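S.K.:
Protein chains in written order, with the working numbering: chain G, 3 to 397; chain U, 129 to 438.
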């Protein structure tokens, strides 16, 4: 089975992995492929400029959904959207607040103003919120979500629950009590004798911070049911058979270990793992114990038409290149085998390209590697096409 | 010519940051090794309890108390819980809190919602280690394996954020000296680790621009990690290509490797040029393939980093 088959009919595709492994390009490639037949959208956090321009969005990739011009006769459509945290938070507050007044109250809170950037898992929460929103509206057949770069790439899974716990937590209600009982205006409660711990918090952080916090919390509590409902809805969506998770990784140590952890976590959580994508793989043909006869540089140089010094340099560099690439290729072979042992889901291999994706052609080529298993021979052709310099860029 | 790292070592605290996946923790560990080797009593701090930099020193699980990893080189990892405990003891002169649990939950909770609290505890711990105690400076240099470039500004700005949101309260007064350490270019330096690829270079550029406004200081240097060097021109590569069969049974794959190597090196050039155009000095570290990222590997990286000239 390849990833195309594993993703067939999926309505939601969640692409996760550590930062820097190529998640965003792969999300865009999957969405582009889906757009051949269906109405697809890719939601991303922070696309590279070249990728945004590959999607024709260099001028205006913003929070709004933007249509991507598809050159051929695609039967479907492709949209792209970015997650802007500040806009997302403000929209959310507007949507869930009881009144305009309540919304403005929250937005004016000193702590709220810093929260959109700082709140732990904020991006993860917003990605899930956006997912639920898009799914509910039903304008798209396929939603591809590129998950935010977090320390642990599965943080977004916990995000809705963490947000609900935060707003509805008993600790918070207990903390907010002395302030809310005294009313929000003026009268601040001094009756901290009830809790020595709160007395310490008050001494260290100051009553005003605690007041700001408790007033924010009270405002948020009115939205508790909305948040809770949403968290349940998101969890339902994520565990549905119409959803597929794609774990992207390179075979470098840290992202690889992280990917193994994601896979286990998805399997443990009964979440539908559709497949893995190993990116920047060194083709296995380099895994050769090769010797380059540097000691014969003089003789070979004359046969190659190079002077001895240049021939020696060239052979030494070739030896170094082969030594390095063969070590990496062997490592990649081993780690791919480990991935296959760990899960029965298909593992797609994307070879190391020498150029970033910079146009739709590049995305299509990427999609082929992600979704199918091109033969070694056609891979070579694609690699050499991919390493052809973009016009006028290199010399 | 002097080594570039020696200009870094004139500071007292080095914050090493960079986009995830650029090798930030390896470079932090390598810098600490170089400093220790040049005779500085060095402390390597991991801002996260899981201690990535510690892994590259083979020191076993990281601890909150400084632990000697190599001669002249100690290491510690920051556990938020222990920072808070230490803070309460030192700043409030509280006896060791017996039941840190409830207090930690309250602080955890507040730190989740209010920006700057967690960050300032971390920055405060770093400043605390920098300070002389009983007239004695314990460390000549502190190397911090800091937050990734996306979040490091909020860490560096932690004290300023606290000043903005906390009007009264002890923590406000106590953050002033932390801010002083961070914003003093004689004491604190920021080193950014990047790969010669589009996104890491863009994040580096953004950070270089953001730093003066955020913390009133410029980046001390940039480490360009995993640089691929190739000296071959098209003519030489062409000659190699034509003579692949002459090079023995592995000739064809060796020539293919040489061509790919040269392609990769060329693809990095525009990104390297962009890094060099940003202002701070750039230390290139060539790509090293290794089966395991152990101490031997970190020492090799340190050697290559040490070769960069000012």
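All C-beta atoms in this analysis are idealised placements derived from N, C-alpha and C, irrespective of residue type, glycine included. These numbers were taken from a predicted model, which means no experiment stands behind them.
I'd like the list of long-range same chain contacts for residue 58 of chain G, defined as Cβ closer than 6 Å, with 5 residues on each side in sequence excluded.
M.R.: For this step, residue 58 of chain G is matched to residue 56 along the first chain. Counting only Cβ-Cβ distances below 6 Å, and skipping sequence neighbours, we find 70 and 71.
S.K.: For chain U, find out if any of its Cβ atoms is closer than 9 Å to the Cβ of residue 191 of chain G; answer yes or no.
M.R.: For the purposes of this step, residue 191 of chain G is taken as residue 189 along the first chain, with counting starting at 1. In this prediction, residue 191 of chain G scores a pLDDT of 40, lower than 50, which makes its location untrustworthy; no coordinate-derived value is stated.
S.K.: What residues in the stretch 10 to 29 of chain G bring their beta carbon closer than 8 Å to a beta carbon of chain C?
M.R.: Any reference to chain C falls outside this structure, whose protein chains are G and U.
S.K.: The beta strand (DSSP E) with residue 246 of chain G in it runs from where to where?
M.R.: The count along the first chain starts at 1 and reaches residue 246 of chain G at position 244. That run of the beta strand (DSSP E) goes 245 to 252.
S.K.: Would you call the CB atoms of residue 299 of chain U and residue 206 of chain G closer than 9 Å?
M.R.: On the second chain, position 171 is the one that residue 299 of chain U refers to. On the first chain, position 204 is the one that residue 206 of chain G refers to. In contact: residue 299 of chain U and residue 206 of chain G (Cβ atoms closer than 9 Å).
S.K.: Does the distance from the CB of residue 350 of chain G to the CB of residue 289 of chain G come in under 9 Å?
M.R.: Walking along the first chain from the start, residue 350 of chain G turns up at place 348. Walking along the first chain from the start, residue 289 of chain G turns up at place 287. No.
S.K.: Taking residue 64 of chain G as the reference, which of G:284, G:83 and G:130 has the closest Cα?
M.R.: As a first step, residue 64 of chain G is located in the first chain; it is residue number 62 there, counting from the start. Looking at the Cα atoms, G:83 is the closest of the given residues.
S.K.: Report the residue from G:26, G:143, G:139 and G:201 whose alpha carbon sits nearest the alpha carbon of residue 78 of chain G.
M.R.: As a first step, residue 78 of chain G must be located in the first chain, where it is residue number 76. Out of G:26, G:143, G:139 and G:201, G:143 has the C-alpha closest to the C-alpha of residue 78 of chain G.
S.K.: Can you confirm whether residue 43 of chain G, when its beta carbon is compared against all beta carbons of chain U, has any partner nearer than 9 Å?
M.R.: As a position in the first chain, residue 43 of chain G is number 41, starting the count at 1. Judged by the 9 Å Cβ criterion, residue 43 of chain G is not in contact with chain U.
S.K.: Where does the unbroken alpha helix (DSSP H) through residue 354 of chain U begin, and where does it stop?
M.R.: Numbered from its first residue, the second chain carries residue 354 of chain U at position 226. Where residue 354 of chain U is concerned, there is no enclosing alpha helix (DSSP H), although the beta strand (DSSP E) it sits in stretches over 349 to 355.
S.K.: May I ask which residues mark the beginning and end of the beta strand (DSSP E) holding residue 303 of chain G?
M.R.: Working through the first chain from its first residue, we reach residue 303 of chain G at position 301. Counting along the chain, residue 303 of chain G falls outside any beta strand (DSSP E), though it belongs to the alpha helix (DSSP H) covering 299 to 306.
S.K.: Should residue 227 of chain G be labelled buried (16 or more other beta-carbon atoms within 10 Å of its own) or exposed?
M.R.: Residue mapping note: residue 227 of chain G aligns to position 225 of the first chain, counting from 1. Exposed is the call here.
S.K.: Just by C-beta distance, which residues in the stretch 299 to 320 of chain U are closer than 7 Å to chain G?
M.R.: Going along the stretch 299 to 320 of chain U in chain order, one finds 299 and 300 with a Cβ nearer than 7 Å to chain G.
S.K.: Where in the stretch 156 to 200 of chain U do unbroken runs of the alpha helix (DSSP H), each at least 4 residues long, occur, reported from the N-terminal end onward?
M.R.: The stretch 156 to 200 of chain U contains these whole alpha helix (DSSP H) runs: 180 to 183.
S.K.: Using the Cα positions of residue 308 of chain U and residue 266 of chain U, report the straight-line distance between them to the nearest angstrom.
M.R.: Walking along the second chain from the start, residue 308 of chain U turns up at place 180. Walking along the second chain from the start, residue 266 of chain U turns up at place 138. Approximately 19 Å, taken between the alpha carbons.
S.K.: To the nearest angstrom, report how far apart residue 68 of chain G and residue 148 of chain U are at their CA atoms.
M.R.: One-based indexing of the first chain puts residue 68 of chain G at position 66. One-based indexing of the second chain puts residue 148 of chain U at position 20. The straight-line gap from Cα to Cα measures roughly 28 Å.
S.K.: In angstroms with no decimal places, state the Cα-to-Cα distance between residue 17 of chain G and residue 273 of chain U.
M.R.: Here residue 17 of chain G corresponds to residue number 15 of the first chain, with the count starting at 1. Here residue 273 of chain U corresponds to residue number 145 of the second chain, with the count starting at 1. Going from the Cα of residue 17 of chain G to the Cα of residue 273 of chain U covers about 28 Å.
S.K.: I'd like the span of the alpha helix (DSSP H) that includes residue 438 of chain U, first residue to last.
M.R.: On the second chain, residue 438 of chain U is found 310 positions in, with the first residue counted as 1. Per DSSP, residue 438 of chain U belongs to no alpha helix (DSSP H) and is neither H nor E.
S.K.: Would you say residue 235 of chain G faces chain U, with C-beta separation under 9 Å as the test?
M.R.: In the first chain, residue 235 of chain G corresponds to position 233, counting from 1. Answer no: the Cβ-Cβ gap between residue 235 of chain G and chain U never drops below 9 Å.
S.K.: Residue 206 of chain U touches chain G at which residues, Cβ-Cβ below 7 Å?
M.R.: Start at 1 with the first residue of the second chain, and residue 206 of chain U comes out as number 78. Result: empty, since nearest Cβ-Cβ is about 14 Å, beyond 7 Å.
S.K.: In the structure shown, what three-state DSSP assignment does residue 79 of chain G receive?
M.R.: Locating residue 79 of chain G in the first chain gives position 77, where the first residue counts as 1. Residue 79 of chain G falls in the strand class under three-state DSSP.
S.K.: Spatial neighbours of residue 430 of chain U within its chain, please: C-beta separation below 7 Å, excluding the five flanking residues on both sides.
M.R.: Locating residue 430 of chain U in the second chain gives position 302, counting from the first residue. For residue 430 of chain U, where only same-chain residues beyond five positions count, the Cβ hits under 7 Å are 158, 161 and 162.
S.K.: Please classify residue 372 of chain G: is it buried, with 16 or more other beta-carbons within 10 angstroms of its beta-carbon, or exposed?
M.R.: Residue mapping note: residue 372 of chain G aligns to position 370 of the first chain, counting from 1. When all chains shown are included, residue 372 of chain G counts as buried.
S.K.: Is residue 109 of chain G near the ligand MG, going by C-beta to nearest heavy atom under 8 Å?
M.R.: No copy of the ligand MG appears in this structure; indeed no ligand is present at all.
S.K.: With distances taken from CA atoms, which of U:423, U:138, U:142 and U:131 is nearest residue 321 of chain U?
M.R.: By one-based count along the second chain, residue 321 of chain U stands at place 193. For residue 321 of chain U, the nearest C-alpha among the options comes from U:142.
S.K.: I'd like to know whether the C-beta of residue 294 of chain G is nearer than 9 Å to at least one C-beta of chain U.
M.R.: Position 292 of the first chain, counting from 1, holds the residue named residue 294 of chain G. Taking Cβ atoms only, chain U reaches closer than 9 Å to residue 294 of chain G, which makes this a yes.
S.K.: Please state whether DSSP places residue 45 of chain G in a helix, a strand or coil.
M.R.: Along the first chain, one-based indexing puts residue 45 of chain G at 43. In the structure shown, residue 45 of chain G sits in a strand (DSSP, three-state: E or B).
S.K.: For residue 148 of chain G, write down the residues that DSSP places opposite it in a beta bridge.
M.R.: One-based indexing of the first chain puts residue 148 of chain G at position 146. DSSP output for residue 148 of chain G lists G:17 as bridge partner(s).
S.K.: Given a limit of 8 Å on CB to CB distance, which residues of the stretch 358 to 374 of chain G reach chain U?
M.R.: Listed in sequence order: 358.
S.K.: Please work out which residues of its chain come closer than 7 Å, Cβ to Cβ, to residue 412 of chain U, disregarding the five sequence neighbours upstream and downstream, and give them in chain order.
M.R.: Position 284 of the second chain holds residue 412 of chain U. 352, 355 and 436, listed in sequence order.
S.K.: So, do the stretch 244 to 251 of chain G and the stretch 308 to 321 of chain G have three or more beta carbon pairs nearer to each other than 8 Å?
M.R.: No, because fewer than three Cβ pairs between the stretch 244 to 251 of chain G and the stretch 308 to 321 of chain G fall closer than 8 Å, the two stretches do not touch.
S.K.: Thinking C-alpha only, which one of U:386, U:364, U:185 and U:400 is nearest residue 322 of chain G?
M.R.: Locating residue 322 of chain G in the first chain gives position 320, where the first residue counts as 1. For the residues U:386, U:364, U:185 and U:400, the minimum Cα distance to residue 322 of chain G belongs to U:386.
S.K.: Find the nearest neighbour of residue 248 of chain U within the set U:269, U:264 and U:281, judged by alpha-carbon distance.
M.R.: Residue numbering aside, residue 248 of chain U sits at position 120 when the second chain is read from its first letter. The shortest Cα separation from residue 248 of chain U among U:269, U:264 and U:281 belongs to U:281.
S.K.: Quick one: using the 10 Å Cβ neighbour count with 16 as the cut-off for buried, is residue 103 of chain G buried or exposed?
M.R.: The residue you call residue 103 of chain G lines up with position 101 of the first chain. So residue 103 of chain G ends up on the exposed side.
S.K.: Below 8 Å, can you find three or more Cβ-Cβ pairs linking the stretch 335 to 347 of chain G to the stretch 24 to 41 of chain G?
M.R.: No, the stretch 335 to 347 of chain G does not touch the stretch 24 to 41 of chain G.
S.K.: Sort G:311, G:6, G:258 and G:232 by Cα distance to residue 359 of chain U and report the nearest one.
M.R.: Taking the second chain and counting its residues from 1, the one referred to as residue 359 of chain U is at position 231. Cα-wise, what sits closest to residue 359 of chain U is G:311.
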